[in-house]
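Data first, discussion second: the structure below is written as C-alpha cells.
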Amino acid sequence: MMEKVIADPPGSAFFMFHLVPGKRRMMNLTGISQLIERVRKERPVVHVLTNWVTAGDVASGLHAIGARPIMAQAEEELEEVVSQAHAVVLNLGTPDPGRARALFQAGRHARSFRRPVVFDPVGVGVSRFRTKTAQTLLSELEIGVIRGNRAEIGILSGQGGNLMGVDAVSGPSDLLCAAQGLSQRTGGVVAVTGPRDLVVRGGQGIFVENGHPMMTQVTGMGCVLSGVIGAFAAVETDHWMATVGAIAFFGLAGERAGARAMGPGTFKIALLDSLYALSADEVEKGIRLSEV
Numbered sequence: 541m542m543e544k545v546i547a548d549p550p551g552s553a554f555f556m557f558h559l560v561p562g563k564r565r566m567m568n569l570t571g572i573s574q575l576i577e578r579v580r581k582e583r584p585v586v587h588v589l590t591n592w593v594t595a596g597d598v599a600s601g602l603h604a605i606g607a608r609p610i611m612a613q614a615e616e617e618l619e620e621v622v623s624q625a626h627a628v629v630l631n632l633g634t635p636d637p638g639r640a641r642a643l644f645q646a647g648r649h650a651r652s653f654r655r656p657v658v659f660d661p662v663g664v665g666v667s668r669f670r671t672k673t674a675q676t677l678l679s680e681l682e683i684g685v686i687r688g689n690r691a692e693i694g695i696l697s698g699q700g701g702n703l704m705g706v707d708a709v710s711g712p713s714d715l716l717c718a719a720q721g722l723s724q725r726t727g728g729v730v731a732v733t734g735p736r737d738l739v740v741r742g743g744q745g746i747f748v749e750n751g752h753p754m755m756t757q758v759t760g761m762g763c764v765l766s767g768v769i770g771a772f773a774a775v776e777t778d779h780w781m782a783t784v785g786a787i788a789f790f791g792l793a794g795e796r797a798g799a800r801a802m803g804p805g806t807f808k809i810a811l812l813d814s815l816y817a818l819s820a821d822e823v824e825k826g827i828r829l830s831e832v
C-alpha cells in the first residue's frame, strides 16, 4: 500500500509523519517525542496569567511535565517577570478591569522581549466586556497560538457560536473555515479543542485524534492544556509543531489517565501522574493524526 507523506511545516527540523490511506495512522513522529524531552531537559519558565478557578491546576500540570510556572499578575512586576520567562500564556477566565490591563501589559512585554504568547479566550461571547477584551488583545498583541473550544473560536472568527457558561453548545457551521480565517487574520496558529481537536495555520490543518471523554468532566482541562502549549512553544519556535505536539501529548496523557480512573476525582490525579510519566516512546507510538 502506498503511503502518503505529509512533510513538516516550513522552519521545522523534526516533524514528519505518514498517513496510511484507510488507516489514518501516524507512522513516525520523532519530533513530538523530542519536544517533550526538550521540555523536561530545558525546564522553561512559563508565565501564566490565568483565572483564579484553575491557577493551581495549571501550575501543577506545568510542574508535572518539567516546566517552571510563574503566575504573576501585579502590573508592577510584569515587565521583569516576562523578561525572565520563555513563554507567556494569557487566559481570559474570570476577567476584571485590572486583570484585563495585566493581560495587555504582559502581552506587550512579551512582544518587546520576543516571547511566544498563547491566548486562551475562555468564555468569549458570554459578555460584551469579555468579548471586547479578547478582540482588543487580538488586534493589539502578537499572538502565536489561540486555543479555544468551537464556540469561542467561532465567535472570535466572526462566524458565531453559543456557550452555556464557558462550555461550547454550538459552533460555526464550517469550523475549518472559521479557524483558518482567524489564523489568517491574526497570523497565528489556531487550535480548536473538543472531541476531535483541530489545529490550523493559514491554509494548513490537521486533526489530532487523541483524548478521553473524562476530560470534559474536570474543570480546567483546557486551561491546563493552554499552559502545556506554552511550555512546548517555549522550546520550539515553530508554533504549529509545538501546538500539535502539545495537544497530542495531552490527549495521550488523558487516555492513559482515563484507563484507570474511577471518576473525575481520580482522573484528575491520574492525569497529573500521566503528564509526569508519559515516555517519549509512548508518545511516538500512540499519537493519532488525520488529514483535514
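Every letter in the sequence shown is one number past the one before it in my numbering, and letter 91, counting from 1, is 631. The C-beta atom is built at its ideal place from N, Cα and C for all residues, glycine as well.
Taking the Cα of Pro-661 as reference, the smallest distance to any Cα among Thr-806, Thr-634, Ala-607 is reached at Thr-634. Here Pro-584 is buried, its C-beta having at least 16 other C-beta atoms within 10 Å.
Spatial neighbours of His-752 in its own chain (CB-CB distance under 6 Å, excluding positions within 5 residues in sequence) are listed in chain order as Gly-794, Glu-795, Gly-798. Asn-750 has its alpha-carbon roughly 5 Å from the corresponding atom of Gly-791. The shortest CA-to-CA distance from Gly-734 to any of Asn-689, Leu-815, Val-622 is the one to Asn-689.
Annotation note: the stretch 631–715 contains the following uninterrupted beta strand (DSSP E) runs of length 3 or greater, listed N- to C-terminal: 657–660, 685–688, 702–704, 707–710. DSSP places Pro-804 in the helix class (H, G or I) of the three-state scheme. The beta-carbon separation of Arg-578 and Val-775, rounded to 4 Å, stays under the 8 Å limit for a contact. Residue pairing of Asp-597 in beta bridges, as defined by DSSP: absent, with no partner found. In the DSSP assignment, Val-629 forms a beta bridge with Val-588, Val-658. In this structure the stretch 582–599 lies against the stretch 761–771, because at least three pairs of beta carbons, one per stretch, are closer than 8 Å. A distance below 6 Å between beta-carbons, with the five flanking residues on each side excluded, links Val-729 to the following residues of its chain, in chain order: Val-685, Arg-741, His-779, Trp-780, Thr-783. In the DSSP annotation of this structure, the continuous segment of the beta strand (DSSP E) that includes Ile-746 starts and ends at 744–748. Secondary structure at Pro-753: helix, using DSSP grouped into helix, strand and coil. Take Ala-599, set aside five residues on each side of it, and the residues of its chain with a beta-carbon closer than 7 Å to its own are Pro-609, Met-611, in chain order. Under the DSSP assignment, Leu-792 falls in the alpha helix (DSSP H) whose first and last residues are 779–798. Gln-757 and Ala-810 have their C-alpha atoms some 14 Å from each other. Cα atoms of Pro-804 and Met-755: separation of roughly 8 Å, rounded to the nearest angstrom.
Closest in C-alpha terms to Val-739, from the list Leu-681, Thr-759, Gly-785, Arg-725, comes Gly-785.
Relative to the Cα of Gly-665, the nearest Cα in the group Gly-694, Ala-650, Phe-644, Ser-652 belongs to Gly-694. The alpha-carbon separation between Leu-696 and Ala-731 amounts to approximately 12 Å. Straight-line measurement puts the Cα of Ala-614 at about 43 Å from the Cα of Glu-831. Sequence-distant partners of Arg-651 (beyond 5 residues in either direction) whose C-beta falls short of 7 Å from its own C-beta, in its chain, are Leu-681, Glu-682. Taking a 10 Å sphere around the C-beta of Gln-624, we find fewer than 16 other C-beta atoms and assign the residue as exposed. Rounded to whole angstroms, the gap between the alpha carbons of Ser-814 and Val-657 is 26 Å. Only buried fits Asp-597, as 16 or more other CB atoms lie within 10 angstroms of its CB. For Ser-819, there is no enclosing alpha helix (DSSP H), as DSSP gives it neither H nor E. CA-to-CA, the gap between Asp-821 and Arg-668 works out to about 46 Å. For Val-832, the secondary structure class from DSSP, reduced to helix, strand or coil, is coil. Straight through space, the alpha carbons of His-603 and Ile-572 are spaced by roughly 19 Å.
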